[in-house]
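Trainee: Counting from 1, one number per residue, gives the positions in the sequence shown under UniProt numbering.
Note that CB positions come from ideal geometry on N, CA and C, so glycine has one too.
If you scroll down you'll find the structure; I have some questions about it.
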Amino acid sequence: MQDQRSSDKQVMLTSWDIHNKDFSSTFNGYNKDEVNEFLDIIVKDYTAYAKIIQDLENEIKRLKKAAHSDQSNLEERVRNLEIHCWGMPRG
């Protein structure tokens with residue numbers, strides 16, 4: 001498992017932290033198997049959330065790049081239109 005703290009500085013635990021957490025037992029303590037099963041579910045969720053976050057971060061990067069490309073394309077089209085209408089770009 002990889003460390004998910006790199007993508008979000010607010011995250012206190014990683015799936016690895018949860019997976020490796022050991023609890024002390026007492027006479028009337030919790031059922032270790034139930035605790036471990038529950039922690040396994042949490043680990044799977046953390047891992048899934050980390051993937052979702054990474055996918056969304058990648059999508060944001062892609063959209064920013066596309067927006068920049070669209071802006072450049074629009075500026076080029078305006079320059080070409082100005083040349084067509086006035087013989088030279090304005091401004």
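Are three or more beta carbon pairs between the region 70–87 and the region 45–56 nearer than 8 Å?
Mentor: Contact fails: fewer than three Cβ-Cβ distances are below 8 Å.
Trainee: Consult DSSP for residue 38 and reduce its assignment to one of helix, strand or coil.
Mentor: Position 38 of the sequence shown holds residue 38. Of the three classes helix, strand and coil, the one that applies to residue 38 here is helix, per DSSP.
Trainee: Use the C-beta contact count for residue 14: other C-beta atoms within 10 angstroms, 16 or more gives buried, fewer gives exposed.
Mentor: Numbered from its first residue, the sequence shown carries residue 14 at position 14. Per the 10 Å Cβ criterion, buried.
Trainee: Which class does residue 11 belong to by DSSP, given the choice of helix, strand or coil?
Mentor: Within the sequence shown, the letter at position 11 stands for residue 11. Coil, per DSSP.
Trainee: Please classify residue 26: does DSSP put it in a helix, a strand, or coil?
Mentor: On the sequence shown, position 26 is the one that residue 26 refers to. Correct three-state label for residue 26: coil.
Trainee: Just to confirm my understanding: we take residue 18, look at its own chain, exclude 5 residues before and 5 after, and list those with CB closer than 6 Å. What are they?
Mentor: In the sequence shown, counting from the first residue as 1, residue 18 sits at position 18. Here the set comprises 39, 42, 43.
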